[in-house]
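> These protein sequence lines are chains U and G, in that order.
So in the working numbering, spot 182 of the first sequence is number 182, and the numbers just go up one at a time.
So in the working numbering, spot 100 of the second sequence is number 1100, and the numbers just go up one at a time.
By construction, the Cβ of each residue, glycine as well, lies at the ideal position given by its N, Cα and C atoms.
Everything numeric in this text was worked out from a predicted model, so none of it was measured.
Okay, here's the structure, questions in a sec.
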Amino acid sequence: MITGTQIATTMPSPVKVGDPVDPIFRQIRDLVYKVCGIFQLEEKLYLMADACGRRMKQLSIRTLREYWDLLTTHSNREGEIRQLLNEVTIGETCLFRSPPQLDALRKVILPELVADRSRQITKRLRIWSAGCSTGEEPYTLAMNMLEESGHLLEGWTVEILATDLNDRSVETAKAGVYGDYALRATTDYFKRKYFSSFDDKKLQARPEVKKLITFSRLNLQDDSRMLFMKGMDLIFCCNVLIYFDGPSKAKVINHFFNNLNFGGYFFLGTSESLFKLNDKFHLVHFPGTIGYWKPSLKSGKL
Amino acid sequence: MTTSMTATIRERVARIETMPSVPAVFIPLLEMLNLPIENVKLDEVVKLVSYDNTIAAQCLRMAGSPLFGLAKSPESIKGAVISLGLRRVETILLTCCLGHAFPAKSLAVDPTAFWRHSLGCAMVCRKFSDKLGSADGDKAYMAGLLHDIGFLVSCIAFPKELGTALVLATKEQTPIDEAERTTMGFTHCDTGRALAEKWHLANDMVQVIAHHHDPEQSEAAQPLVALVHLSDLLCRMRGMGYGYYERRMVDWVGDPAWAILKKEYRDLDGMDLARFTFEMDEAIGEVFALVSAIFGGAIARN
């Protein structure tokens, strides 16, 4: 139950940046983190407040206290927490969503992987975008790899595997057609170099970008198929784990760990956490972003 | 480092009569911080601060910051001491005093970046120390605040050499201490140590200043040195570094400092590093605001 005395008893009014937020949103934030592993920064709590307001409206709930009860004591509380989180993160997806991740990839990880494998005969890099939704992430990765093809990755083969549970998403992803909103963080340089116009409003990824990516439908909970996703160097699984409960989450993560090569990296969404789900990965920091590292054999820190 | 080099550093540091424009209260304050808390008299601290209006005003502004969690800004130094406790106020005072210590014409280090990093690191050290359940959060704060003080010395005693090292570090995107070793043969840890000894700082602080880049080499207070080492790395990965991209990965759990801390804090592995990082991000805006509020004047003079 809620402690403290300052609980708003009516619908939350829209909260603006800089306004002090009702302490209950901090409790909801902590609850969402505990159940879904996604942390809402203090400065983004107003988004949480807005989302609560929308959910309450949809459910015809009048007070925050009632909504809190639904989130904590109702039999479908976890379902509601996920609905709420969906409401918070809605429309966030776009190409080039997390520049610090891409910087870590190109400035820190690739040089290291390339140096590490310089003596191997097959120069091949395998990347998996797990839960790729409508394809924004794999296309972003593909373009960034192509940028390195004349430099770091000269002579390398890059394979990007993009999977999603939803057939329709996979079909959309395959088409590679995006409008202004999805391309809001994509620079003109990348638009010009890697897209052609699809119609007067949308752009389509060029064949050389698509060539790097294999799209397919995959259920991350399908153990038999997960066993065959071996030999990955990098796995991205951003804001997907929220759809699983605790034990399934741990199982999926374990598959990811096993499917990564030693010294490989696993990335979650920018505010997502693996806490208590896996103790074999090392949480590692790159400038502005967190990643998870499968220690290499030679590091002796398995 | 050779013996003759150590002698050169000592000699150059000895020639710095006092740090330019260090407030008169600085040295007596440091002496007070070395005393056991029961020997420090509230009235003496208040008197000391009242000598310098600027310092007193800054100290109050800082004590009122959300980072210190008071519901109401204290109106007097005495009020601040009562609300925050003597040790906390001493560390705040020290922060303010140091704000004046930066050389008026710095050739090398950007004062804003220096204070953001030092103050940021102080905050992280205290939060980290609190997370570990250590009683000495204020000591950790002070250690974080002072760890890079060698840069102040190097700016004065070796301005050109340090300038060259910083240019190299920025260009190669490497840690500054590595660049210092390449270009100068010694680092801010060595100059900092000479100053710390000249000021007769407590040995724990001397160890932090001298060994925060190689905690396993410290002769005493290893857990404190290790804590500062990790906090320093975290700050540099989360936007509170020296203002350039450090091309590296930081692996806390694989760091020797982690092993040192683990001996002291058995349940260290149970710490939620992801959440710790996100919570720290929330404090960044406040740290930046504080640096402008506290050191703005000092920086503007340059």
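Contact defined as beta carbons within less than 8 Å: I believe residue 1148/G pairs with residue 1188/G. What is the distance between those atoms, to the nearest angstrom?
Residue 1148/G to residue 1188/G, Cβ: 6 Å. Contact.
> Any beta carbon of chain U sitting closer than 8 Å to that of residue 1253/G?
Taking Cβ atoms only, chain U reaches closer than 8 Å to residue 1253/G, which makes this a yes.
> Does any C-beta atom of chain G lie closer than 8 Å to the C-beta of residue 287/U?
So yes, residue 287/U belongs to the interface.
> What residue range is occupied by the uninterrupted beta strand (DSSP E) comprising residue 1192/G?
Residue 1192/G -> not in any beta strand (DSSP E); alpha helix (DSSP H) instead, spanning 1188 to 1198.
> Could you spell out where the alpha helix (DSSP H) holding residue 1183/G opens and where it closes?
First-last of the alpha helix (DSSP H) with residue 1183/G: 1176 to 1183.
> Run through chain U and tell me which residues come within less than 9 Å of residue 1282/G, C-beta to C-beta.
Chain U residues near residue 1282/G: 41, 42 and 43.
> What number of angstroms, rounded off, separates the C-alpha of residue 140/U from the C-alpha of residue 95/U?
Those two C-alpha atoms are separated by around 6 Å.
> Mind checking which residues open and close the alpha helix (DSSP H) that includes residue 148/U?
136 to 148 is the span of the alpha helix (DSSP H), which, as asked, contains residue 148/U.
> Tell me the residue span of the alpha helix (DSSP H) that contains residue 1128/G.
Here the alpha helix (DSSP H) through residue 1128/G covers 1111 to 1131.
> Starting from residue 1154/G, follow the alpha helix (DSSP H) in both directions and report where the run begins and ends.
Start and end: 1150 to 1157.
> Can you find a CB in chain G that lies within less than 8 Å of the CB of residue 46/U?
With 8 Å as the cut-off, residue 46/U does not count as an interface residue toward chain G.
> Chain G partners of residue 249/U, CB-CB under 9 Å?
Chain G residues near residue 249/U: none, gap ~14 Å exceeds 9 Å.
> Indicate whether residue 292/U and residue 266/U have their beta-carbon atoms separated by less than 8 Å.
Yes, the Cβ-Cβ distance between residue 292/U and residue 266/U is below 8 Å.
> Quick check on DSSP: helix, strand or coil for residue 254/U?
Residue state, collapsed to three classes: helix.
> For residue 1238/G, go through chain U and note every residue whose CB falls closer than 9 Å to its CB, in chain order.
In chain order: 285, 287 and 288.
> What in chain G is Cβ-close to residue 274/U, meaning under 8 Å?
Under the 8 Å cutoff, chain G gives 1274.
> Tell me the rounded alpha-carbon separation between residue 1213/G and residue 136/U.
The alpha-carbon atoms of residue 1213/G and residue 136/U are separated by roughly 40 Å.
> I'd like the span of the beta strand (DSSP E) that includes residue 216/U, first residue to last.
Segment 213 to 217, the beta strand (DSSP E) holding residue 216/U.
> What does residue 1246/G touch in chain U if you count any residue whose Cβ is under 8 Å from its own?
Those are 287, listed as they occur along chain U.
> How many whole angstroms separate the CB atoms of residue 179/U and residue 202/U, which I take to be in contact at a CB cut-off of 8 Å?
5 Å between Cβ atoms; contact.
> Short of 6 Å in beta carbon distance, which residues of its chain neighbour residue 1202/G, apart from the five on each side in sequence? Order them along the chain.
Once the five neighbours on either side are set aside, the close Cβ partners of residue 1202/G are 1034.
> Counting Cβ pairs closer than 8 Å, one from the segment 231 to 247 of chain U and one from the segment 166 to 181 of chain U, do we hit at least three?
Counting Cβ pairs under 8 Å, fewer than three are found: no touch.
> So the candidates are 126/U, 78/U and 50/U; which of them puts its Cα closest to the Cα of residue 89/U?
Nearest option by C-alpha distance: 50/U.
> Show which residues of chain U have a CB atom less than 7 Å away from the CB atom of residue 1234/G.
Residues of chain U passing the Cβ test: 285.
> When burial is assigned at 16 or more other CB atoms within 10 Å of the CB, is residue 1219/G buried or exposed?
Label assigned to residue 1219/G: exposed.
> Give the single residue among 1031/G, 1046/G, 1196/G and 1236/G whose Cα lies nearest to the Cα of residue 1280/G.
Nearest of 1031/G, 1046/G, 1196/G and 1236/G to residue 1280/G, Cα basis: 1236/G.
> Excluding sequence positions up to five away, which residues of its chain have a Cβ less than 7 Å from the Cβ of residue 281/U?
If we look at residue 281/U and ignore the five residues flanking it on each side, its Cβ neighbours are 257, 266, 274, 292, 293 and 294.
> Is the CB-CB distance between residue 1240/G and residue 1120/G below 8 Å?
In this structure, residue 1120/G lies closer than 8 Å to residue 1240/G by Cβ.
> When the Cβ atoms of the segment 180 to 198 of chain U are set against those of the segment 91 to 111 of chain U, are three or more pairs found closer than 8 Å?
Flag = yes, the segment 180 to 198 of chain U and the segment 91 to 111 of chain U touch.
> Identify whether residue 261/U lies in helix, strand or coil by the three-state DSSP scheme.
The answer is strand: DSSP assigns residue 261/U an E or B state.
> Quick one: Cα of residue 128/U to Cα of residue 1165/G, how far?
When rounded, the distance between both Cα atoms is 40 Å.
> So, at 7 Å on beta carbons, what are the nonlocal neighbours of residue 80/U in its own chain, with the 5 sequence-adjacent residues on each side left out?
For residue 80/U, where only same-chain residues beyond five positions count, the Cβ hits under 7 Å are 70, 71 and 74.
> Can you tell me the Cα-Cα spacing of residue 1294/G and residue 161/U, whole angstroms?
Cα to Cα, the separation comes out at about 51 Å.
> For residue 282/U, which residues in chain G fall below 7 Å Cβ to Cβ?
What residue 282/U touches in chain G: 1251, 1253 and 1254.
> Between which two residues does the beta strand (DSSP E) harbouring residue 124/U extend?
Its beta strand (DSSP E) spans residues 124 to 130.
> Buried or exposed for residue 262/U, please, with buried defined as at least 16 other CB atoms from any protein chain shown within 10 angstroms of its CB.
Classification for residue 262/U: exposed.
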